[in-house]
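J.: In this text, residue positions in the sequence shown follow this note's numbering: the first is 1, and each later residue adds one.
Backbone N, C-alpha and C fix where the C-beta goes; we use that ideal spot for every residue, glycine too.
In this text the structure is predicted, and so the values were computed from the model without any measurement.
Below you'll find the structure I mean.
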Amino acid sequence: MVAQGFIVDLNKPLVFQVGHLEESYEEWVHQPIVSKEGPRFFESDFWEFLTLTVWWAIPVIWLPVVCCCISMSVRMGHTLPEIVLMVIFGVFLWTLIEYTLHRFLFHIKTKSYWGNTIHYLIHGCHHKHPMDGLRLVFPPAATAVLCFPFWNLVKVFATPSTTPALFGGGLLGYVMYDVTHYYLHHGQPSSDVPKNLKFCWTNLMMFFPRNCLQGCHR
Ligand SMILES: [Zn+2]
Ligand SMILES: [Zn+2]
């Protein structure tokens, strides 16, 4: 039990501190520190390393997996138009999943020690440090773990030959989402297209609870 009025020491690893904020975590996490320098998460160098991801690792690691999945469905006899449809449907599926996660999980209100800690790890850190460039895209190790339940979820609804292309489409949707999100924070748009994209993104976020607008996506 930690005394009321706990203050987070920003010079020490954050992850195991934020839980002690209890009720005041909600307020703390929505007071962004807008600096490109990120905080330390863990004492251990190994775990710390797993939380740091350069944005280009996302397409470099996951696009070959997308191609691999799509080619599995091709080898199982699907025609090009069928494959295109499945991939588009997969991208759409990802959008739905992302919306659901953001709407119901990423902005969940927590006050327990582990509730705060887990929330900080999955999304709270992005609200607290929206410009931390190495903690904006999702760590590949965590994505790899999540691929298993998602593959099995698709398998429940799809046939053995359509599962790979649908899953590949979903993964492609994820890659596009994560890279666009990174660009909207760190890119320097020189034409009107990215500016319009930023406008659309903000509008999309209007569907999310107020906190997202106050946090990272103004
Ligand atoms: Zn958010
Ligand atoms: Zn953001």
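1) Straight-line CA distance for phenylalanine 208 to lysine 109?
2) So does phenylalanine 106 have its beta carbon nearer than 6 Å to some heavy atom of ligand 4?
3) Following the continuous alpha helix (DSSP H) through leucine 172, name the residue where it begins and the one where it ends.
4) Three-state secondary structure (DSSP) at valine 34?
5) Quick check on DSSP: helix, strand or coil for asparagine 11?
6) Inspect the beta-carbon positions of aspartate 178 and glycine 38 and report whether they are closer than 7 Å.
7) If we call anything under 7 Å between Cβ atoms a contact, is leucine 172 one with valine 66?
8) CB-CB under 7 Å to proline 139, same chain, minus the five flanking residues each way: which ones, in chain order?
9) Once the 5 residues before and after isoleucine 88 are set aside, which same chain residues still bring their CB inside 8 Å of it?
10) Taking 8 Å as the threshold, find out whether the region 89-107 comes into contact with the region 6-16 through three or more Cβ pairs.
11) Look at the alpha carbon of glutamine 17 and the alpha carbon of proline 81, and state the distance between them as a whole number of angstroms.
T.: Checking against the coordinates, here is how it stands:
1) As a working mapping, residue 208 is identified with position 208 in the sequence shown. As a working mapping, residue 109 is identified with position 109 in the sequence shown. The pLDDT assigned to phenylalanine 208 is 48, lower than 50, so where the model puts this residue is not dependable; a value taken from the coordinates is nonetheless given after this. Distance between the alpha carbons of phenylalanine 208 and lysine 109: 14 Å.
2) No copy of ligand 4 appears in this structure; the ligands present are ligand 1 and ligand 2.
3) Counted from its first residue, the sequence shown places residue 172 at position 172. 163-186 is the span of the alpha helix (DSSP H), which, as asked, contains leucine 172.
4) Locating residue 34 in the sequence shown gives position 34, where the first residue counts as 1. Here valine 34 sits in coil by DSSP.
5) Taking the first residue of the sequence shown as 1, we reach residue 11 at position 11. Asparagine 11 falls in the coil class under three-state DSSP.
6) By one-based count along the sequence shown, residue 178 stands at place 178. By one-based count along the sequence shown, residue 38 stands at place 38. Not closer than 7 Å, so no.
7) Within the sequence shown, numbered from 1, the residue matching residue 172 stands at position 172. Within the sequence shown, numbered from 1, the residue matching residue 66 stands at position 66. Between leucine 172 and valine 66, the C-beta spacing is below 7 Å.
8) As a position in the sequence shown, residue 139 is number 139, starting the count at 1. Within the same chain, proline 139 has close Cβ partners Leu50, Thr51 and Thr53.
9) Within the sequence shown, the letter at position 88 stands for residue 88. Result list for isoleucine 88: Gly169, in chain order.
10) no
11) Walking along the sequence shown from the start, residue 17 turns up at place 17. Walking along the sequence shown from the start, residue 81 turns up at place 81. Going from the Cα of glutamine 17 to the Cα of proline 81 covers about 52 Å.
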